[in-house]
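In our numbering, the protein residues as written are 32 to 745. Cβ coordinates follow ideal geometry from the N, Cα and C atoms, glycine included. Before any comments, here is the structure.
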């Protein structure tokens with residue numbers, strides 16, 4: 032009985048202890064689960080991202096991350112991709128892809144970057160607040176004030192003055208025949224003209240009452256309306272003041288009062304005409320408001336992205352982010368799988384432009400030739416650098432050109448840049464006369480030399496685009512006008528007497544020429560920041576002439592960038608006529624001519640001395656749109672992409688400019704130009720996510736429970 036009593040006593044104590052133990056177990060389990068969750072969240076803030084896509088679309092490039100982490104101003108990223116009940120599946124994909132992209136940007140620097148989403152079709156208050164915020168940006172506010180001042184000048188000064196004048200004229204006309212302008216036709220025409228102008232003035236005044244309260248005012252429309260009104264009023268008053276006195280002198284049927292009325296029009300109208308002319312000049316001086324472009328892009332169904340700082344804003348259009356593939360396809364017909372995704376490239380460019388106000392100017396120096404940035408219309412040649420200009424502006428460069436054939440002084444740049452870098456193109460030779468007659472116009476000469484040398488002495492940073500050029504007399508090569516400067520200042524020249532050809536060997540000593548025979552594509556890269564990231568980007572350098580070393584001046588440091596290696600099938604041709612003869616012989620292959628140059632050849636070089644820097648690329652067309660930026664639809668291991676067969680050409684050009692600008696951290700900014708993926712997730716990535724959701728987190732819970740169980744047993 033004693034033993035049983037002891038057991039009963041122990042059993043009687045157990046319920047209280049067990050309740051305490053169970054409660055403690057629950058608390059411990061919660062603490063362990065909370066600790067694991069907190070640890071997982073903390074690990075997520077450590078800057079490491081796991082990209083679950085086959086194309087790395089969910090990873091920002093290191094230069095973009097560096098730009099975002101170095102921001103010293105707040106940036107707001109707003110998606111305006113709409114949502115409604117009738118939207119397509121493609122619209123959901125577009126919106127989600129952009130939302131994922133903005134999440135990556137925000138996660139990179141949460142202290143400076145904030146993402147937001149406004150559904151323009153439903154979030155009316157948020158959209159109105161956004162529009163009001165845009166109008167208050169310092170970049171736009173000053174421009175808007177000019178338009179406001181012009182509107183107020185019309186309302187407070189011009190309209191009252193014109194109304195007073197017209198009222199006076201009506202009163203005088205009423206004296207001549209009961210308000211009908213008498214029986215004379217000219218007086219009737221005067222009344223009709225003044226009536227029309229008074230109506231136009233009143234109509235514009237009524238429109239202005241609600242103009243600036245509009246959600247998206249048309250500033251350019253206001254400028255046009257004011258111009259048209261002022262022109263119409265001034266022209267009509269001038270016609271009356273000019274013809275009235277002449278008519279009064281020749282018309283005998285007019286009364287003396289009617290004749291005096293017409294004779295005095297100039298005196299009565301002059302003050303109003305002067306005021307209108309002055310107001311017209313003020314309207315002409317109004318700057319184009321860039322806010323209008325932003326407001327146009329952020330329409331309710333435009334699917335735009337908005338990038339804002341406290342003082343500036345830029346909108347990125349849907350077609351900029353999602354260009355159709357192929358590009359000839361109508362933008363409205365291209366669905367999700369017929370578009371490329373250029374999100375990082377465009378968004379990073381916009382952030383760079385709103386956060387970095389100091390701009391470097393890139394000035395293309397040329398002599399004659401077609402327009403560099405504008406062309407392709409009927410009767411006009413294609414502009415060789417139109418697309419490249421867009422790339423440069425996206426990298427926050429101002430772009431201009433200086434045609435030394437037209438102007439020996441470089442055009443002024445507005446606003447003034449912080450630095451100026453020249454891109455020096457070979458002068459276009461004058462057109463030869465017929466029947467071997469000399470050219471009818473002069474070519475590059477001493478005056479152009481002097482102007483160029485003076486400019487580059489003042490701004491000693493330049494990218495020289497050289498290479499092999501066909502001369503006016505058949506295959507005989509042309510000279511390079513800047514060789515003397517390059518040799519004296521930097522210790523190298525363009526060897527224009529040698530053209531690099533790349534053949535395909537099919538038998539020892541026998542070679543075939545493909546379509547790319549005049550383009551060097553197999554290159555080696557030097558050890559320099561400009562080309563450090565180009566190893567995976569194909570280069571094509573047409574019509575290369577090697578850079579020939581000379582005596583390096585004291586203090587100059589040279590850096591080889593791109594070299595054509597010594598290999599079978601690649602050599603430098605000194606006499607093209609020999610190969611023309613081989614092609615015409617019918618033998619079906621080419622053989623190397625004795626005396627031709629063998630590699631390796633330097634085809635791109637950087638040099639520096641103190642604050643002066645130059646880069647030379649000895650390929651005349653390597654950066655033209657038709658070589659560097661001709662888009663192609665390509666099939667890759669990751670799927671269908673739109674890209675460029677020679678992305679290294681653009682990277683070489685842009686990186687050279689960044690180096691010349693002392694901004695090596697901006698090299699390769701944004702996604703590499705050939706990485707524009709269509710399909711986002713890979714199937715393996717989706718499986719990994721499903722497995723993690725189905726087994727991973729439940730497994731963590733089981734482990735926590737087992738840990739508690741073993742703790743109890745101890």
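Enumerate, from N- to C-terminal direction, the unbroken alpha helix (DSSP H) stretches of 4 or more residues contained entirely within the segment 173–225. Fully contained in the segment 173–225 are the following alpha helix (DSSP H) runs of length 4 or more, in chain order: 190–205.
- Could you tell me which residues DSSP pairs with residue 629 in its beta bridges? DSSP output for residue 629 lists 602 as bridge partner(s).
Q. Cβ of residue 441 within 8 Å of Cβ of residue 394?
A. In this structure, residue 394 lies closer than 8 Å to residue 441 by Cβ.
Checklist line | Per-residue DSSP class, three states only, for residue 343 | finding: Residue 343: coil per DSSP, three-state reduction.
**Contact check, residue 367 vs residue 113, beta carbons under 8 Å** = The Cβ atoms of residue 367 and residue 113 do not sit closer than 8 Å to each other.
Per DSSP, which residues does residue 432 bridge with? Please list them.
DSSP, once it has assigned bridges, lists 395 as partnering residue 432.
Between 67, 514, 508, which lies nearest to residue 484 when the distance is taken from Cα to Cα?
The candidate whose alpha carbon is nearest that of residue 484 is 514.
Work out the CA separation of residue 615 and residue 546 for me, nearest whole Å. Approximately 17 Å, taken between the alpha carbons.
Going by C-alpha to C-alpha distance, which of 250, 520, 160, 575 sits closest to residue 640?
The shortest C-alpha to C-alpha distance from residue 640 to any of 250, 520, 160, 575 is the one to 520.
Whole angstroms is fine: what's the gap from residue 417's alpha carbon to residue 685's? Cα to Cα, residue 417 sits roughly 15 Å from residue 685.
Worksheet item: According to DSSP, is residue 453 helix, strand or coil?
Response: Residue state, collapsed to three classes: strand.
Notebook entry, point to check: Would you call the CB atoms of residue 527 and residue 576 closer than 8 Å?
Noted result: Against a cut-off of 8 Å, the Cβ pair of residue 576 and residue 527 comes out as a contact.
Counterpart residues of residue 144 in DSSP-defined beta bridges: DSSP output for residue 144 lists 106 as bridge partner(s).
- Once you ignore the five residues that flank residue 764 on each side, which residues in its own chain have a CB closer than 6 Å to its CB? No information on residue 764 is available, as it lies outside the stretch 32 to 745 that the chain covers here.
Checklist entry - According to the Cβ coordinates, are residue 461 and residue 477 closer than 8 Å? => result No.
Start and end of the alpha helix (DSSP H) containing residue 542? Premise fails: residue 542 lies in the beta strand (DSSP E), 541–543, not in any alpha helix (DSSP H).
Taking 8 Å as the cut-off, decide whether the C-beta atoms of residue 603 and residue 529 are in contact.
-> Yes.
Report task. Can you give me the start and stop residues for the beta strand (DSSP E) that residue 524 sits inside? Result -> Element bounds for residue 524: 523–525.
Assign residue 372 to one of two classes, buried (16 or more other C-beta atoms within 10 Å of its C-beta) or exposed (fewer than that).
Around the beta-carbon of residue 372, 16 or more other beta-carbon atoms lie within 10 Å, marking it buried.
**OP:** Check whether the Cβ atoms of residue 398 and residue 439 sit closer than 8 Å, and answer yes or no.
**Re:** Not in contact: residue 398 and residue 439 (Cβ atoms no closer than 8 Å).
In this structure, does DSSP put residue 458 in helix, strand or coil? DSSP places residue 458 in coil when its eight states are reduced to three.
message = Please report the straight-line C-alpha distance between residue 65 and residue 98, rounded to a whole angstrom.
response = Near 35 Å, if we compare the C-alpha coordinates of residue 98 and residue 65.
I'd like the list of long-range same chain contacts for residue 494, defined as Cβ closer than 8 Å, with 5 residues on each side in sequence excluded.
Within the same chain, and ignoring the five residues on either side of residue 494 in sequence, the residues whose Cβ sits closer than 8 Å to its Cβ are 452, 453, 454, 455, 645, 646, 647, 648, 684, 687, 688, 691.
- I think residue 178 touches residue 67, with their Cβ atoms under 8 Å apart; what is that distance to the nearest whole Å? The beta-carbon distance between residue 178 and residue 67, rounded to whole angstroms, is 60 Å. This is too long to meet the 8 Å contact definition.
message = With a threshold of 8 Å between beta carbons, is residue 65 in contact with chain D?
response = Absent here is chain D; the protein component of the structure consists of one chain.
Next on the checklist: Going residue by residue through the segment 543–623, where are the continuous beta strand (DSSP E) segments of at least 3 residues, counting only ones entirely within it?
Outcome noted: If only complete runs of 3 or more residues are kept, the segment 543–623 shows the beta strand (DSSP E) at 578–580, 588–595, 601–604, in order along the chain.
Where does residue 536 fall in DSSP's three states? Residue 536: strand per DSSP, three-state reduction.
Can you tell me where the beta strand (DSSP E) with residue 365 in it begins and where it stops?
Where residue 365 is concerned, there is no enclosing beta strand (DSSP E), given that its DSSP letter is neither H nor E.
Pick out whichever of 434, 498, 622 has its Cα sitting closest to the Cα of residue 480. The shortest C-alpha separation from residue 480 is found at 434.
Checklist line | Ranges of the alpha helix (DSSP H) found wholly within the segment 468–500, counting only runs of at least 4 | finding: DSSP runs (the alpha helix (DSSP H)) wholly in the segment 468–500: 477–489.
Inset, instruction - Quick one: grab the DSSP three-state call for residue 373. - result: Of the three classes helix, strand and coil, the one that applies to residue 373 here is coil, per DSSP.
Could you tell me if residue 517 is buried or exposed, where buried requires 16 or more neighbouring beta carbons within 10 angstroms of its beta carbon?
Buried: at least 16 other Cβ atoms inside 10 Å.
Using 8 Å as the cut-off, can you tell me whether the segment 421–433 makes contact with the segment 368–388, which would need three or more C-beta pairs spanning the two stretches below that distance?
A contact exists between the segment 421–433 and the segment 368–388.
>> My output table needs one value for residue 711: the three-state DSSP class, helix, strand or coil.
In response: Low local confidence applies: a pLDDT of 39 at residue 711 is under 50, so the model's placement there is unreliable, with the coordinate-based value given in what follows. Three-state DSSP puts residue 711 in coil, outside helix and strand.
Query raised in the report: How about residue 369 and residue 356: are their beta carbons less than 8 Å apart?
Result: Inclusion of residue 369 and residue 356 in the CB contact set at 8 Å is warranted, their separation being smaller than that value.
**Request:** Name, in chain order, the residues that DSSP records as bridge partners for residue 508.
**Result:** Residue pairing for residue 508: DSSP places it in a beta bridge opposite 501.
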